[in-house]
Every structure is written in structure tokens, then in C-alpha cells.
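Structure record follows, encoded as C-alpha cells.
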Amino acid sequence: MKAGVPRHWRRGVAVLALLAVTALGGWVAWLDQQVQSAFEGRRWALPAQVYARPLTLYPGAPISRKDLETHLEAVGYRRAAGIPRPGTFERLGSGLRLHTRAFAFWDGVDAPRRVVLAWSGGRLERVSVQGEPEAPGVRIEPRHIGGIFPAAREDRLLVRLQDVPPELVGALVAVEDREFFRHHGVRPLAIVRAAWANLRAGRVVQGGSTLTQQLVKNFYLDRRRTLGRKLKEAVMALLLEAHYDKPAILEAYLNEIYLGQDGARAIHGFGLAARFYFGRDLADLDTARLALLVALVKGPSYYDPRRHPERARARRDWVIERMRADGLIDDHQALVARNAPLGVVARPRRGLTPYPAFVDLVRRQLRRDYRESDLTGEGLRIFTTLDPTVQAAAEVGVREGLAAVDPQGHLQAALLVSDRATGEVLAVVGGRDPRYPGFNRALDARRPVGSLIKPALYLAALEAGYTLATPLRDAPLPPAEARAVGWSPRNYDGRAHGDVPLYRALAHSYNLATVRLGMELGVDRLVETLRRLGVHRELPAYPALFLGAANLSPLEILQMYQTLAAEGFPTPPKAVLGVTDRAGRPLARYPLAVGDPLEAKAVFLVTHALQAVVREGTGRALARWLDPSLAVAGKTGTSNDGRDAWFAGFTGDKVAVAWVGGDDNQATGLTGARHALPLWGRTLAALHPQPLEPVPPPGVEWVWVDPAGGLRADRRCPERVRLPFAQGTVPSDYAPCAGGARPALWRRGWNWLRERLP
Amino acid sequence: MIVVLALWLAACAGGPTPRTTVPAEGAGRWIEAGRSALERGEMVRAERWLEQAVRVAPRDPRAWRALADLRQAQGRWEEARRLRLRACRLVGDCP
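Right, dumping it as C-alpha cells:
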């Protein structure tokens, strides 16, 4: 028995050893699989890069030389005498010479061109493209306005090893891992040395990590510093080196390493770091700048050259010294580099994008065609319709408008601007703070639209044969009818205005006349007209809809007014022009498209009434910002209890919608004219809009009428107005003031009575 | 007397003559360039230049007509028809 024990023991130990070796082998195999699959597959989720619209230069383009120079500098062009290479420009008399960079747009690559520009009185007058006398103009690459990020919020600009300056690689190896090209992933001696140094100091003063280990740490592991993790890191580094060669590992390192933070956006890799700190491409950096990037590897936050320039400088100079000591640069080059300033550009726009509301719209429009993972992982390049000038005007309009109408700062706002002809969205402001990437009111605040809905009802009436002069009765509903609909509407001023011509009922936004008109037409007709205007949401088909008891977003209202503005052609608001893959190969274009038009005459007539809103009705206050000769068409909207204020309308070239209200739905006493219109007016005024000059379609004639009864008038009628009519609807009778028969006495008496009865 | 009256009535009925829309300077060059790209069969370039023409001079019916011709060449008949309608509504001469 006793003799058998050791044998059992031996067998047990052998089994345990076998198990341990198997487990270890399994663990290593598992790590190996992890290392390979991550390294072989696509290594990085690349956020989509979003661009504004390209700047197009042509004779007559409304851009000053100063604005062009600002744009050029924003996209990284530099001043250089003689414009020697692409991406340079210089002043020439009162004009500008420009050498454009090659750029991959969504519809093809534009080659570099030399261009001469001349201005005359603030307008670009001449654009001559060298070698292309027939060219109608030239595009300049657009501003980069942000990204569509995966959850990790990592941003990077991939570089290939052959495009990386050898000096950078040399400096990196000299400073971080001198034995890089000789070791197999770990340096046991260095680890022991570092451990000894740390032990003596009682804290971590030295790291023994190779570049490979640093890559593994960044690539596969979390940030904890435990012994187990250290062991795992070492094994993975060995495995990585066993499978891949040094250049592949180095290239991965250059693209992976964390080098800074921009708000919520993490800056990874040297390619993006070059842009982030110096506004240049990596290949364009001098020795001093390359040394600063290498200096940052040790601690991007501690050595942040913007926040801690002295620390950054000391570390940079130390890197330069190591480069000199290793013979990468000579004494003179080292001296020049040490004397160079840090060269960091002012902090670029913060965070993921300065235009979160617009990029949100872009993302949603692209979600119809792309999976979310493609948008956040494939490095797509997205070309949008954003016009930075219009966006800036909208932001100022919202800020100053809100400051004037809401000094306490309780209210929120949203504003959208689009191009009248094409439906291209030029600007989106999603709230009081346009940089805040949270709740996007322009798209997501679905609020009661109030009188903004009325043009749809009046359009339906005009299509059905009503005229702008048709008298509508602005009086309370008969009690029986009010009981039947269970609701008794009132006018904003609390009064009834008797018989009013249709266009005035809209211009002054009379509720009683509108509800009576709605009861005559039926609510289904309103819903159907709204659908043709482009409002596709399911709406409550109750009489309260006549007065806008429907919750719609500012974007949906933009669509509705866009259709009216575009002569009745539904033109969906569009935020994306095209998409390329990350190498610049075209993937998709989103060309201009228009839908089947509404009846031309009715659209023309309702536009005339919307111009009357601004000329004489509830939108009169717009004259404070926009000259009446611009003949703007617009409509105010106010929800019940004054919780939401709206203004929507269009000029000759722009459509815009403004909303003001409280997120908590508690604000009261708001009106479209007093609270939303000022934001709209300020924004459009800054954009110097074109006058609105609707072209009358065939079959429209202009006739003088007496607004009192809607009959024809002549110069004897003091109140006469001239209105457009669809052929066949012109009143044939003359008003009493124009010699027409006066109604019989009993009829006048009955009318008088009728206007005073409920 | 009748002639005077007729003239006076005509003056009244005519309505405000729409201000002639002056095509923006340069729109013509975009249209020309777009049309010659179309003739060469360079559809993408033609689209780019003709859309630019519409942006530069949205009131110029020639731009919309040229874009309609492009759509027709691409075999997109329905869109061509709507764009032609867009052009004629700007002039007020739709059939």
C-alpha cells in the first residue's frame, strides 16, 4: 500500500502537468486566434467623413476675395508667391491666383488647375482656368465639417508606411524602442531593468515596453496594469511578431496609437494628429513638428502642446536631442529644430462636429441606403449641401433673435434654411446652443403647428374654384354646428370680422373664417392636400386640424413650404449630394429630383395670399428686417395657449422655417409674429435674399375688386385691390361703389343681422 | 371714345408685367458646358454642370430644359417630363 502512494502521486502530478500544459496551450492558441483575427481583418472602424458643399467659383458668384481666402485657409491652402504647387494661392492686384489641389468629389476627381480670379465691386467677375478657356467655373474642395462616429468615438486618418517621413520612424524608434528592428516582440532584459528601476524608486518610473507591446496594449487590451495583463501582453507581442513582419507592425502602430483628445473625439494615429495639431498632412511636417508628435506618445494629455506648451517643448527638445545623438539629424538641423516654435495651429472646431443638427439630418437621410455600421466604420466620404455662410447666418439669427425675444433664456428654438429651387438644405439649427449635440428640435420636436397649416386648406379651396376675393364669413359657428363638432373656435383678437375676402382671412389668419371654409371643404380634403404638399405623417382628421391641431416637426413644415415655394413641385429637402468610399471612388450620387406638380394656378394664387400675409397681415413685422419690395411670402403660426411660435416662408431664392417654444411645453403667451418671425427675419436679412417674383401661369388674369363684397371695382372704389384670378372665376358683377346694383334693402338688413348673430 | 375706353380697359386687365428675370451672369456658360458634355456622352459631368446651372440661375428656364434633356438621354422619361414642366412654368407658356 505504502509503496503505491508515490506512484499515485507521480501519476497525479503528471496528469496535472499535462492539464496545465494543455490549458496553457489552449490559452496561447486562443490569444493567437485573437491576435490574428483582429490584425487580419479590417483593423479600424473608420468614421464617415462629412463635408460641406464645395465652393464653386464662376463669373457672378457672390463671394468676396476675403471670404475666398478664409475658405482656402480653412481647407489647408497656403499663400506662396508664384503658386508653385497645388494647394497654394497668392494675391494679384485686386484679384487672386490659385493652384487647386486634386480632389476626389462624389462625381469624379478634379485635377489640379491654375486659376486666375478677378473681382469687380464685391462680385467675382472673371474666372480663367489655365488651359481650359471654355470652363464655366471651378470647384474648390469643401470644408470638412465632422464625422459620423462609432460608439468608441475614435477618429483617425490612415497612413501607409511608405508615405510616412523616415525621420518620424527613426525618431520613434530612437525614443520608444531602440531595439525594435532586432527584438522578437519583447525585451526581457529591458523588462528586468525597468522592474529594478521601478522597485528602487517605489513607483513606475520606467517602462520596458517595446513598440509591439504598446501596439498590443492599445489594440487588444484594457488599460489596467496588472501582472496577468503584462504576461498576456508579452505573449501576444511574441505571437504578433511571429506572424507579421516589422513594417506591418510599424504601420499598424503609426495608425493605432492614441495622440490626443478633441472633446468627445479621440485622435488616433500620426496621420490625423498631424492635421489636428498642425493643420497639415504628415508628409508636410518639418523635423521640429515630427519630434513633437513623437514626444506626445508618452502622454498626449500631459504633454498637450496647447494646454502645456512648456512641458511639450521640453519633451520635444529632448526628442530632437535623441535624434541628433542617433545621427538622424546633424547638429545644425537639431539647432534649427530646437529654435522652431511648436507650430501648433489654433484649436480646430471642437468635438465630433460643429454642426450636430445638420450632421444628424445627413445621417438619417443616409440610413435609408446604408447600414449604421457602414456609416460609422467604412470611412465613407459624404458630400453634403451645407452652406457654411448660411449656417453661420442662421446661428446668429437664432442667437440674437432669442436674446431679443427671450431675455431670461428659457426658450428653445429651431431653424432650417433650404434652397428654393433645388430643396438642398443649407443650414440646420437644432436648439439654442447650435454646438450642442443633443436633442435636435429641427427634426425631432413635433409640435402643434397652428396656423402654419392654413395655406394647405386655402390651396384646396382655390383648387376647388374659390377665388382670393370669395367672401368668407368670419363669425362664430352656429351653436348646433359647434355642438356637433364639440368645439367652438375663437379668433386671436377675440373678435369676429364679418364677411372678409378669402386672401385676407389667410393674411390675418382669421380662425372663424378658416373653420367655416374647412367645414365647407371637409377635413379629408385638407389631409389629402397636405399629403400632396409632402406631409406624409398620419394626421388626426378632426375639424381642429383646420387650425393646426397636428404635431409636425420643423423639417416637415419645411417640406410643405418648399413645395409651395418651388411652384408646386414637391422637392424633398435634401442634405446629401453624393458619397464616395474612403479611397475616393464614387459610390452614390443624389441628383436633383422633383415630384409631380400641384395645379399651377392655385399655387400661384395661394402664394399671392402668402405675400399679403407679410405685406398687410400677421407677418407685417418682417418689414423691420426685410424690405417690402422683396415681396416675401410667409405665414405665422401660434399653437393653443401660445406654447409654440412659428414662422415659415420663402423669398426668391430661399425657404426657411423657424420655431420657438419651451422643451417643457410650459411657455405661454408666445406668438409666431413676436417670437419666431424675428429669428427668421434676422437670418434671411443677413443672406441678402432675392425678391420673390412668381410668374403667373397661363389662364390667370388680374382684376380690381372691392374687398368688401368681392365684386369688381373701378377707381371710384376707395378700397379696391387688384387680385389675380384663375380664368373663369372672375366675378362678373360690379360692386356698388363701381356703379353695380346695390343689394336690396332687405338683403342689406339681413346681412347686417347675420354678422351680429352667432 | 370706344378706342380710348378699350385701351384703358386693356391697361387695367393686363396686370403687373412680371419683372423680366435676368439670368445670373455665368449661367449660360454652365448650360453650354453641360450641353456639350451631354453631346459627348459624359453624363456625370453634364449632370454636375447642369445642376450647377439650376443653382446659379433657378429662374432661367434654359437650365431646367437642359437638365430635362439630360434625363431624357438617361432614359428617365418621367423626370424629364416634370423638369420640362418646371421650365415652362417659369415662362408661363405650358401647353
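Which chain is which? The protein sequence lines are A and B, in order. Mapping to numbering that gives the first Met the number 0: the first sequence position 46 is 45, numbers consecutive. Mapping to numbering that gives the first Met the number 0: the second sequence position 14 is 13, numbers consecutive. The beta-carbon is built from N, C-alpha and C at its ideal position, and this holds for glycine as well.
How is proline 470/A classed by DSSP in three states: helix, strand or coil? One-based indexing of the first sequence puts residue 470/A at position 471. Proline 470/A falls in the strand class under three-state DSSP.
Measuring CB to CB, does valine 215/A end up less than 8 angstroms from threonine 383/A? The residue you call residue 215/A lines up with position 216 of the first sequence. The residue you call residue 383/A lines up with position 384 of the first sequence. No, Cβ-Cβ distance for valine 215/A and threonine 383/A is not below 8 angstroms.
At what residues does the alpha helix (DSSP H) containing alanine 313/A begin and finish? Position 314 of the first sequence, counted from the first residue, corresponds to residue 313/A. First-last of the alpha helix (DSSP H) with alanine 313/A: 308-324.
How many Å lie between glutamate 232/A and leucine 30/A at the Cα? One-based indexing of the first sequence puts residue 232/A at position 233. One-based indexing of the first sequence puts residue 30/A at position 31. Distance between the alpha carbons of glutamate 232/A and leucine 30/A: 10 angstroms.
Answer yes or no: the CB of alanine 236/A versus the heavy atoms of the ligand MN, is any distance below 7 angstroms? In the structure shown, the ligand MN is absent, as is every other ligand, since no ligand is present at all.
If the criterion is Cβ atoms closer than 8 angstroms, does the pair lysine 573/A and tyrosine 589/A meet it? On the first sequence, residue 573/A is found 574 positions in, with the first residue counted as 1. On the first sequence, residue 589/A is found 590 positions in, with the first residue counted as 1. Yes. Within cutoff.
Tell me where the alpha helix (DSSP H) around aspartate 68/B begins and ends. Position 69 of the second sequence holds residue 68/B. Counting along the chain, the alpha helix (DSSP H) containing aspartate 68/B begins and ends at 60-72.
Which of the residues in the segment 84-108 of chain A, read from start to end, lie with their CB under 9 angstroms from any CB of chain B? Phe104, Asp106 and Gly107
Residue burial classification, alanine 12/B (beta-carbon count within 10 angstroms, cutoff 16): Here residue 12/B corresponds to residue number 13 of the second sequence, with the count starting at 1. Because alanine 12/B sits at a pLDDT of 41, beneath the cut-off of 50, its placement in the model cannot be relied upon, and the point is left open.
Give the secondary structure of glutamate 423/A by DSSP, where H, G and I count as helix, E and B as strand, and everything else as coil. Counted from its first residue, the first sequence places residue 423/A at position 424. Three-state DSSP puts glutamate 423/A in a strand.
Of all the CB atoms in chain A, is at least one closer than 8 angstroms to the CB of alanine 65/B? For the purposes of this step, residue 65/B is taken as residue 66 along the second sequence, with counting starting at 1. No - not a single Cβ of chain A is within 8 angstroms of the one on alanine 65/B.
Any chance the segment 126-138 of chain A sits against the segment 593-609 of chain A, with 3 or more Cβ pairs inside 8 angstroms? no
For leucine 82/B, return the contacting residues in chain A, with the cut-off set at a CB-CB distance below 7 angstroms. Taking the first residue of the second sequence as position 1, residue 82/B is located at position 83. Correct list: Val593.
Which residues bound the beta strand (DSSP E) around phenylalanine 102/A? Walking along the first sequence from the start, residue 102/A turns up at place 103. Here the beta strand (DSSP E) through phenylalanine 102/A covers 102-104.
Using the C-alpha atoms, what's the distance from valine 343/A back to aspartate 316/A? Working through the first sequence from its first residue, we reach residue 316/A at position 317. Working through the first sequence from its first residue, we reach residue 343/A at position 344. Looking at the two C-alpha atoms, the distance is approximately 15 angstroms.
Using only the alpha-carbon positions, how far apart do valine 163/A and leucine 281/A sit? Stepping through the first sequence from its first residue, residue 163/A is reached at position 164. Stepping through the first sequence from its first residue, residue 281/A is reached at position 282. Going by the C-alpha atoms only, they are around 7 angstroms apart.
Could you confirm whether any beta carbon from chain A is found closer than 8 angstroms to the beta carbon of tryptophan 76/B? As a working mapping, residue 76/B is identified with position 77 in the second sequence. Taking Cβ atoms only, chain A never reaches closer than 8 angstroms to tryptophan 76/B, which makes this a no.
Pair within 8 angstroms by beta-carbon distance, asparagine 664/A and arginine 681/A: Here residue 664/A refers to the residue found at position 665 of the first sequence. Here residue 681/A refers to the residue found at position 682 of the first sequence. Cβ atoms of asparagine 664/A and arginine 681/A: not closer than 8 angstroms.
Excluding sequence positions up to five away, which residues of its chain have a Cβ less than 7 angstroms from the Cβ of glycine 121/A? Position 122 of the first sequence, counted from the start, is the residue given in the question as residue 121/A. Contacts found: Ser63.
What are the start and end residues of the beta strand (DSSP E) that includes glutamate 615/A? Stepping through the first sequence from its first residue, residue 615/A is reached at position 616. Where glutamate 615/A is concerned, there is no enclosing beta strand (DSSP E), although the alpha helix (DSSP H) it sits in stretches over 599-615.
Residues of the segment 386-419 of chain A with a CB closer than 8 angstroms to any CB of chain B: list them in chain order, please. Asp418 and Arg419
Grab me the residues of leucine 591/A's own chain with a C-beta within less than 7 angstroms of its C-beta, minus the 5 sequence neighbours each way, in chain order. Your numbering for residue 591/A matches position 592 in the first sequence. If we look at leucine 591/A and ignore the five residues flanking it on each side, its Cβ neighbours are Thr421.
I want to see whether chain A comes within less than 8 angstroms of glycine 91/B, judged by CB atoms only; does it? Start at 1 with the first residue of the second sequence, and residue 91/B comes out as number 92. So yes, glycine 91/B belongs to the interface.
Does the Cβ of proline 433/A have 16 or more other Cβ atoms within 10 Å, making it buried, or fewer, making it exposed? Counted from its first residue, the first sequence places residue 433/A at position 434. Label assigned to proline 433/A: buried.
Cβ separation of glycine 75/A and arginine 279/A, assumed to be a contact under 8 angstroms, to the nearest whole Å: Residue numbering aside, residue 75/A sits at position 76 when the first sequence is read from its first letter. Residue numbering aside, residue 279/A sits at position 280 when the first sequence is read from its first letter. 7 angstroms between Cβ atoms; contact.
Do we get a CB-CB distance below 8 angstroms when we pair alanine 599/A with the residues of chain B? Locating residue 599/A in the first sequence gives position 600, where the first residue counts as 1. Answer yes: the Cβ-Cβ gap between alanine 599/A and chain B drops below 8 angstroms somewhere.
According to DSSP, is phenylalanine 148/A helix, strand or coil? Here residue 148/A corresponds to residue number 149 of the first sequence, with the count starting at 1. If DSSP states are grouped into helix, strand and coil, phenylalanine 148/A belongs with coil.
Output yes if chain B places a C-beta closer than 8 angstroms to the C-beta of glutamate 72/A; else output no. Counting from 1 along the first sequence, the entry for residue 72/A is found at position 73. So no, glutamate 72/A is outside the interface.
Assuming threonine 286/A and isoleucine 328/A form a contact by the criterion Cβ under 8 angstroms, report the distance between their Cβ atoms to the nearest whole angstrom. Reading the first sequence from its first residue, position 287 is the one you call residue 286/A. Reading the first sequence from its first residue, position 329 is the one you call residue 328/A. Contact flag correct, Cβ pair sits at about 6 angstroms.
Using a beta-carbon distance below 8 angstroms, is valine 694/A in contact with chain E? Protein chains in the displayed structure are A and B, and chain E is not among them.
Would a check of beta-carbon distances place valine 21/B closer than 8 angstroms to chain A? Within the second sequence, numbered from 1, the residue matching residue 21/B stands at position 22. Bear in mind that the predicted position of valine 21/B carries a pLDDT of just 39, short of 50, making it unreliable; the figure below should be weighed with that in mind. No, no contact with chain A.
Is alanine 19/A buried or exposed, if buried means 16 or more other CB atoms sit within 10 Å of its CB? Counting from 1 along the first sequence, the entry for residue 19/A is found at position 20. Burial call: exposed.
Does DSSP put leucine 258/A in a helix, a strand or coil? Here residue 258/A corresponds to residue number 259 of the first sequence, with the count starting at 1. The answer is strand: DSSP assigns leucine 258/A an E or B state.
Neighbourhood of tyrosine 219/A by C-beta, 8 angstroms cutoff - its chain only, sequence neighbours within 5 removed: For the purposes of this step, residue 219/A is taken as residue 220 along the first sequence, with counting starting at 1. Gln33, Val34, Ala37 and Met235.
Just to confirm before moving on: does the CB-CB distance between glutamate 250/A and leucine 160/A stay below 8 angstroms? In the first sequence, the residue the question calls residue 250/A occupies position 251. In the first sequence, the residue the question calls residue 160/A occupies position 161. Cβ distance < 8 angstroms, so glutamate 250/A and leucine 160/A count as in contact.
DSSP puts leucine 415/A in a beta bridge; with which residues? Counted from its first residue, the first sequence places residue 415/A at position 416. Its beta-bridge partners are Val427/A and Val656/A.
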